[in-house]
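Those protein sequences? They're chains A and B, same order as listed.
Just so you know, the working numbering puts the end of the first sequence at 1925, numbered straight through with nothing missing.
Just so you know, the working numbering puts the end of the second sequence at 199, numbered straight through with nothing missing.
Glycine is no exception: its CB is placed at the ideal position from the N, C-alpha and C atoms.
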Amino acid sequence: MVDIEYDAGDASALSSALRTADGVLRGQAGKRSGAVSTGLQDFSGAYAKRFQEAAVIEAEDRGKLAGVLADFADDIDAVSRQAVEERQRISDHDAWKQREAQRNAFVQASGGGVAGVAVPLWELVTDREPSTTPITPKPLTAAFHARQRPHSAGGDGSGKSSADPTHLRTFVSTTRSADSDADTELQRLQTAWSSFKASCSWAVVDGQSALSGFRQYLQHNESDCTWSEHVASAFEKAGGAGALPDMVLAVATNGRTPPVLDALFAEGLTPAEVAKRWAALGLSKADAPALRALPQSVLEKLGNLEGVAYWARDTANRSVLGLRIDQVQSQLATAQTGSAWSGQYGTPFQQQIASLEKELKALLNIEATLGKKGEGARSLVSLTDDVPPLAAVSIGDLDTADNVTWAVPGMNTTTADMSSWTNAAQNIYNQQIVAAGEGERAVISWIGYETPGETTVLGMDKAEAGAEKLAASVHGLDAVRADGMPTTNIVAHSYGTTTAGVALSRSDIHVDRFVALASAGLPDAVDSADDLHAGEVYAGQARNVLFDEGGKGDEWATVGRSFSHGHHVDPSKPGFGATTFGANGGTAADGTTTNPVLHHDPLNADGGGYLDQNTETLYNVGAATTGRKDKLTEFDPTPPTVRDQWLLGVRDPDGGE
Amino acid sequence: MRTRGVRLAGMLLLLALFGGSAVGCAQSPAPEPQAVRTPAVNSESAQQRMVEVVKDATESLGGDWKVRSGPDYAEACRLPDGDTGAKWTYFLTRAQTGDVSADSAKVEARWKALGMSIEHLGTKTEPTVIGRGGDRTDSISFSIAPGLYAIQSVSLCFPGDADQL
Chain A
1269 MVDIEYDAGD ASALSSALRT ADGVLRGQAG KRSGAVSTGL QDFSGAYAKR
1319 FQEAAVIEAE DRGKLAGVLA DFADDIDAVS RQAVEERQRI SDHDAWKQRE
1369 AQRNAFVQAS GGGVAGVAVP LWELVTDREP STTPITPKPL TAAFHARQRP
1419 HSAGGDGSGK SSADPTHLRT FVSTTRSADS DADTELQRLQ TAWSSFKASC
1469 SWAVVDGQSA LSGFRQYLQH NESDCTWSEH VASAFEKAGG AGALPDMVLA
1519 VATNGRTPPV LDALFAEGLT PAEVAKRWAA LGLSKADAPA LRALPQSVLE
1569 KLGNLEGVAY WARDTANRSV LGLRIDQVQS QLATAQTGSA WSGQYGTPFQ
1619 QQIASLEKEL KALLNIEATL GKKGEGARSL VSLTDDVPPL AAVSIGDLDT
1669 ADNVTWAVPG MNTTTADMSS WTNAAQNIYN QQIVAAGEGE RAVISWIGYE
1719 TPGETTVLGM DKAEAGAEKL AASVHGLDAV RADGMPTTNI VAHSYGTTTA
1769 GVALSRSDIH VDRFVALASA GLPDAVDSAD DLHAGEVYAG QARNVLFDEG
1819 GKGDEWATVG RSFSHGHHVD PSKPGFGATT FGANGGTAAD GTTTNPVLHH
1869 DPLNADGGGY LDQNTETLYN VGAATTGRKD KLTEFDPTPP TVRDQWLLGV
1919 RDPDGGE
Chain B
35 MRTRGVRLAG MLLLLALFGG SAVGCAQSPA PEPQAVRTPA VNSESAQQRM
85 VEVVKDATES LGGDWKVRSG PDYAEACRLP DGDTGAKWTY FLTRAQTGDV
135 SADSAKVEAR WKALGMSIEH LGTKTEPTVI GRGGDRTDSI SFSIAPGLYA
185 IQSVSLCFPG DADQL
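Okay, here's the thing in structure tokens:
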């Protein structure tokens, strides 16, 4: 007997699995809607709307999918019934054919007698041939496509959203639990469907996308969970509940910067243009925690972008600093314990370790500097990815100060010395209070350029490259504080005066006061204070001695000026036109003398550097940078030591000092 | 001629030394040692001595003094034996001026009595008195600014690492 290929058992198993899945999905309605309600607690803004919209689509899709599965089950049952009918039809027809054959045989055997014909004739009427037309099974169709969920806030990203990360995490765990149950049903369905397809070829499948759609639906659910986790994580990084800018959430959830941030980071913008776009974001200091939720790559850009408010740069740079310390420590631990370590110095591997150690030393020193409790709050207003990084620590608030001073260091100053150079900046900051009373001021400990070493200090390259960076920093303040520009000062030491001299030669830069200490020489083109774009120019120079006479005066400034290529100008010379002030002690009206500066250093271990506390030069720097010219001590040039006079041919060796 | 030849030789020697030496414009924590002029102290006693001198000055001047930083703000210094040590700094202000001349004279007399040498800076109405030396502090100053009295003090150098304090 011919049969159709249709395993009723497999078909029944499939329809049963479909109905179970339908039931499971429908049964999850309460659980899932409860999770959504939890997630929506304290959730507001554009991201809350997206969450809600996604939840509506999920619920609609789930209902639709369940319906499709139930209908599919009904259709399979219907086909199963048809299969039974078809089998019956085939069976009936086969039976009829047998009877027909028997009848024909009987007629032939009766030889054509009436009695022999009557019975078959009668049966011919009553035993009609069953249908010869095979039953066409109802074509099986189960179409379902899960819809995409909206995860972008839309707009330009300038709005804000609030959420409680705990509630979102509850949503995620509940949803994942429900998805796991649903996935179990889907796997059963897929097994049942495979069996059905293998054993029920009689059934006509017109289109079945329900199972792939089911898979899609679960993937979208997982996508909702991941999205919610990213949102929760962003709020957690920002310190918990509260409002976060949508641009922060956009980066956190998409990994892509939203249009507003792309616009901020566009190439070729001036600091003023950046400041305008930054202001349009409408962020305030209260949003600082929110910025911490941004990824490191974005924070690295934000922290060094001139034109961005300094509170935001500080927030970004501090986050990056912490991340980099963790990363470098981890890399160092791996490198030091790695099998590649051979103990061979000078190998690329050893060089890598040395580089990591150098970077870590600087990063930790910057961290320690920020943690030091002095007068005035400290901010990390720049931190580059150089090794060691370039960085600037502001003492005082650059967003509000009405007097800002850049402290620009000389040679061999790196961020491994951040704490030390910042001590010098702190001394300036404190001295400004001592000189002019209370005020809203800021002093930037600016290690924002690669200072020269022994082999480059006599050239101009480091000064020219550094001047670009110093000018950018000044332009940044100009842009951020355009509505109320503070008084600006540059206090530079040694080669820092060379760098500042190049910067202040530019026509696009201006500061109110420039103080040159121990100048290693201003650029040759700057032969007059008038060549500098500074309202007032000051110079402080201790007695020049030769390099082996530290402790008797400034042992290096002359070397820098005399042997350089391109920076010979001494701003303390009378013809230059700077306001010079005392550095060599001198004698007060009452006959008391003041300790002289005894070294070229800004800070010296014996307290005799240019910016050491309770020195004449620090006193004068405080006065000069606060407009207290009346307090300056007089320039008191002291002749070279007797030995130097003799060596330089200006004095007889027996002449005494 | 002989003198010129010696001079030239001397200059050449210095230039040769210069060529082989490290030029140091950055702050140097430990240059060559100088003569011992301070007693040996540790971090506690150095701070205690500095605080005592400051307290003596502020109490003698009276009024409400506000600590701006310190007395535990540390910086590097050089110990008598030439090693790098640490020193405390202390910064206080009083938001009220008084009889400037009398007050300056008062602190000056007290510091002189402690064996300090005195230095004067500033103007008549806004003077600065610096006391240096003695066995209590490295230096201490009293300054007058508009609406403000200020005292800045640096302790004696003691063994320690300023970056770790």
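1) Measure the alpha-carbon distance for Leu49/B versus Val1805/A and round it to whole angstroms.
2) 8 Å is my cut-off, CB to CB: does Gly1642/A come that close to chain B?
3) For Thr1438/A, tell me which candidate among Arg1396/A, Trp1914/A, Ala1547/A and Arg1300/A has the shortest Cα-Cα distance.
4) Jot down the residue ranges of each uninterrupted beta strand (DSSP E) in the segment 1444-1493 of chain A, minimum 3 residues, whole runs only, in chain order.
5) Would you list, in chain order, the members of the segment 1877-1902 of chain A that have their beta-carbon closer than 7 Å to a beta-carbon of chain B?
6) Between which two residues does the alpha helix (DSSP H) harbouring Glu1736/A extend?
7) List, in chain order, every chain A residue whose beta-carbon is nearer than 8 Å to that of Val141/B.
8) Taking all protein chains shown into account, decide if Asn1572/A is buried (16 or more other Cβ within 10 angstroms of its Cβ) or exposed.
9) Below 7 Å CB to CB, which residues in the same chain sit around Ser1773/A once its five sequence neighbours on both sides are set aside?
10) Where are the alpha helix (DSSP H) runs, 4 residues long or more, that stay fully inside the segment 1348-1394 of chain A, in chain order?
11) Give the DSSP-derived three-state secondary structure of Tyr1578/A in the structure shown.
12) Are there 16 or more other CB atoms within 10 angstroms of the CB of Val145/B, so buried, or fewer, so exposed?
13) Are the Cβ atoms of Gly1890/A and Val1702/A separated by less than 8 Å?
14) At a Cβ threshold of 8 Å, is Glu1321/A touching chain B?
15) Select from Lys1629/A, His1413/A and Ser1280/A the residue whose C-alpha is nearest the C-alpha of Ala1334/A.
16) What are the start and end residues of each continuous beta strand (DSSP E) run of 3 or more residues lying completely inside the segment 1835-1914 of chain A, in chain order?
17) Which whole runs of the alpha helix (DSSP H) in the segment 1523-1611 of chain A are 4 residues long or more, in chain order?
18) By the DSSP assignment, the beta strand (DSSP E) with Arg112/B in it spans what residues?
19) How many whole angstroms separate the CB atoms of Glu86/B and Arg166/B, which I take to be in contact at a CB cut-off of 8 Å?
20) Evaluate Ala1303/A with the Cβ neighbour count: other Cβ atoms within 10 Å of its Cβ, from every protein chain shown; 16 or more gives buried, anything less gives exposed.
21) Taking the alpha-carbon positions, what's the Gly1510/A to Thr1494/A distance?
22) Between Ser94/B, Met84/B, Ile164/B and Ser103/B, which has its C-alpha nearest Leu126/B's C-alpha?
23) Just how far apart, CA to CA, sit Asp137/B and Thr123/B?
24) Compute the Euclidean distance between the alpha carbons of Ser62/B and Leu1537/A, then round it to the nearest angstrom.
25) Using C-beta distances below 8 Å, list every residue in its chain close to Asp1449/A, excluding the 5 sequence neighbours before and after it, in chain order.
26) For the alpha helix (DSSP H) that Asn1812/A lies in, which residues bound it at each end?
27) Could you give the distance in angstroms between the alpha-carbon of Tyr1887/A and the alpha-carbon of Ile1696/A?
28) Residues bridged to Leu1308/A by DSSP?
29) Might you give, ordered along the chain, the residues of its own chain that have their beta carbon closer than 8 Å to the beta carbon of Gly1803/A, omitting 5 neighbours on each side?
30) With three or more C-beta pairs closer than 8 Å as the rule, is the segment 1475-1488 of chain A touching the segment 1323-1337 of chain A?
31) Quick one: is Gln1913/A near chain B, going by C-beta distance under 8 Å?
32) Determine which residues of the segment 166-195 of chain B have a Cβ less than 7 Å from any Cβ of chain A, and write them out in chain order.
33) In terms of alpha-carbon separation, which member of Leu1624/A, Lys1641/A, Ser1399/A and His1833/A lies closest to Ser1687/A?
34) Whole angstroms are fine: how far does the CA of Met1753/A sit from the CA of Leu1745/A?
35) Between the segment 1872-1887 of chain A and the segment 1835-1844 of chain A, do at least 3 Cβ pairs fall closer than 8 Å?
36) Roughly how many angstroms separate the alpha carbons of Trp1461/A and Leu1282/A, rounded to a whole number?
For this structure:
1) Translated into positions along the second sequence, residue 49/B becomes position 15. Translated into positions along the first sequence, residue 1805/A becomes position 537. Interpretation of Leu49/B is limited by its pLDDT of 45, a score under 50 that renders its predicted location unreliable; the figure taken from the coordinates is listed afterwards. For Leu49/B and Val1805/A, the distance between alpha carbons rounds to 32 Å.
2) The residue you call residue 1642/A lines up with position 374 of the first sequence. Answer yes: the Cβ-Cβ gap between Gly1642/A and chain B drops below 8 Å somewhere.
3) As a working mapping, residue 1438/A is identified with position 170 in the first sequence. Measuring from the Cα of Thr1438/A, the nearest candidate turns out to be Arg1300/A.
4) The segment 1444-1493 of chain A is shown to contain whole beta strand (DSSP E) runs of 3 or more residues at 1473-1476, in chain order.
5) Across the segment 1877-1902 of chain A, CB contacts with chain B closer than 7 Å involve Gly1877, Gln1881, Asn1882, Glu1884, Tyr1887, Asp1898, Lys1899 and Thr1901, in sequence order along the chain.
6) One-based indexing of the first sequence puts residue 1736/A at position 468. Taken as a continuous stretch (DSSP letters only), the alpha helix (DSSP H) holding Glu1736/A covers Asp1729 to Val1748.
7) Indexing the second sequence from 1 puts residue 141/B at position 107. Going along chain A, no residue has its Cβ under 8 Å from Val141/B, so there is no contact; the nearest lies around 14 Å.
8) If you number the first sequence from 1, residue 1572/A lands on position 304. The residue in question, Asn1572/A, is buried, as its Cβ has 16 or more Cβ neighbours within 10 Å.
9) Sequence index remark: in the first sequence, residue 1773/A carries index 505 (1-based). Within the same chain, and ignoring the five residues on either side of Ser1773/A in sequence, the residues whose Cβ sits closer than 7 Å to its Cβ are Pro1791, Ala1793, Val1794, Asp1799 and Leu1800.
10) If we require 4 residues or more, the alpha helix (DSSP H) runs fully inside the segment 1348-1394 of chain A come out as 1382-1394.
11) For this step, residue 1578/A is matched to residue 310 along the first sequence. Helix at Tyr1578/A.
12) By one-based count along the second sequence, residue 145/B stands at place 111. Val is not the amino acid found at residue 145/B; the sequence shown has Trp there. Around the beta carbon of Trp145/B, 16 or more other beta carbons sit within 10 angstroms, so the residue counts as buried.
13) Within the first sequence, numbered from 1, the residue matching residue 1890/A stands at position 622. Within the first sequence, numbered from 1, the residue matching residue 1702/A stands at position 434. Yes. Within cutoff.
14) The residue labelled residue 1321/A in the question sits at position 53 within the first sequence. Not closer than 8 Å to any Cβ of chain B, the Cβ of Glu1321/A fails to qualify, so no.
15) Reading the first sequence from its first residue, position 66 is the one you call residue 1334/A. Nearest of Lys1629/A, His1413/A and Ser1280/A to Ala1334/A, Cα basis: His1413/A.
16) If you keep only unbroken beta strand (DSSP E) runs of at least 3 residues inside the segment 1835-1914 of chain A, you get 1847-1849.
17) For the alpha helix (DSSP H) assignment, the uninterrupted runs of no fewer than 4 residues enclosed by the segment 1523-1611 of chain A are, from N- to C-terminal side, 1527-1532, 1539-1548, 1556-1559, 1564-1571 and 1578-1605.
18) For the purposes of this step, residue 112/B is taken as the residue at position 78 of the second sequence. Taken as a continuous stretch (DSSP letters only), the beta strand (DSSP E) holding Arg112/B covers Trp99 to Arg112.
19) In the second sequence, counting from the first residue as 1, residue 86/B sits at position 52. In the second sequence, counting from the first residue as 1, residue 166/B sits at position 132. Rounded to the nearest angstrom, the Cβ distance from Glu86/B to Arg166/B is 17 Å, too far for a contact under 8 Å.
20) The residue you call residue 1303/A lines up with position 35 of the first sequence. Its Cβ being crowded by 16 or more others within 10 Å, Ala1303/A is buried.
21) Counting from 1 along the first sequence, the entry for residue 1510/A is found at position 242. Counting from 1 along the first sequence, the entry for residue 1494/A is found at position 226. The alpha-carbon atoms of Gly1510/A and Thr1494/A are separated by roughly 20 Å.
22) If you number the second sequence from 1, residue 126/B lands on position 92. Residue Ser103/B holds the alpha-carbon nearest to the alpha-carbon of Leu126/B among Ser94/B, Met84/B, Ile164/B and Ser103/B.
23) As a working note, residue 137/B is residue 103 in the second sequence. As a working note, residue 123/B is residue 89 in the second sequence. Rounded to whole angstroms, Asp137/B to Thr123/B spans 22 Å at the Cα level.
24) Translated into positions along the second sequence, residue 62/B becomes position 28. Translated into positions along the first sequence, residue 1537/A becomes position 269. Bear in mind that the predicted position of Ser62/B carries a pLDDT of just 48, short of 50, making it unreliable; the figure below should be weighed with that in mind. C-alpha separation (whole angstroms): 40 Å.
25) The residue you call residue 1449/A lines up with position 181 of the first sequence. Excluding residues within five positions, the ones whose Cβ falls inside 8 Å are Val1292 and Gln1296.
26) Sequence index remark: in the first sequence, residue 1812/A carries index 544 (1-based). First-last for Asn1812/A: undefined, no H or E at that position.
27) Within the first sequence, the letter at position 619 stands for residue 1887/A. Within the first sequence, the letter at position 428 stands for residue 1696/A. Per the coordinates, the alpha-carbon of Tyr1887/A lies some 9 Å from the alpha-carbon of Ile1696/A.
28) Taking the first sequence and counting its residues from 1, the one referred to as residue 1308/A is at position 40. For Leu1308/A, which the question treats as bridged, DSSP gives no partner whatsoever.
29) On the first sequence, position 535 is the one that residue 1803/A refers to. Excluding residues up to 5 positions away in sequence, His1778, Val1779, Asp1780 and Arg1781 lie with their Cβ nearer than 8 Å to the Cβ of Gly1803/A in the same chain.
30) With contact defined as three or more Cβ pairs closer than 8 Å, the segment 1323-1337 of chain A and the segment 1475-1488 of chain A are in contact.
31) Counting from 1 along the first sequence, the entry for residue 1913/A is found at position 645. It does not; no Cβ of chain B falls within 8 Å.
32) Here the close residues are Arg166, Asp172, Ser173, Ser175, Ser177, Ala179, Pro180, Gly181, Leu182, Ala184, Gln186 and Val188.
33) For the purposes of this step, residue 1687/A is identified with residue 419 of the first sequence, where counting begins at 1. For Ser1687/A, the closest of Leu1624/A, Lys1641/A, Ser1399/A and His1833/A by C-alpha to C-alpha distance is Lys1641/A.
34) As a position in the first sequence, residue 1745/A is number 477, starting the count at 1. As a position in the first sequence, residue 1753/A is number 485, starting the count at 1. Met1753/A has its alpha-carbon roughly 8 Å from the corresponding atom of Leu1745/A.
35) With a cut-off of 8 Å, the segment 1835-1844 of chain A and the segment 1872-1887 of chain A do not count as touching, because too few Cβ pairs lie within range.
36) Counting from 1 along the first sequence, the entry for residue 1461/A is found at position 193. Counting from 1 along the first sequence, the entry for residue 1282/A is found at position 14. Their backbone Cα atoms lie some 6 Å apart in a straight line.
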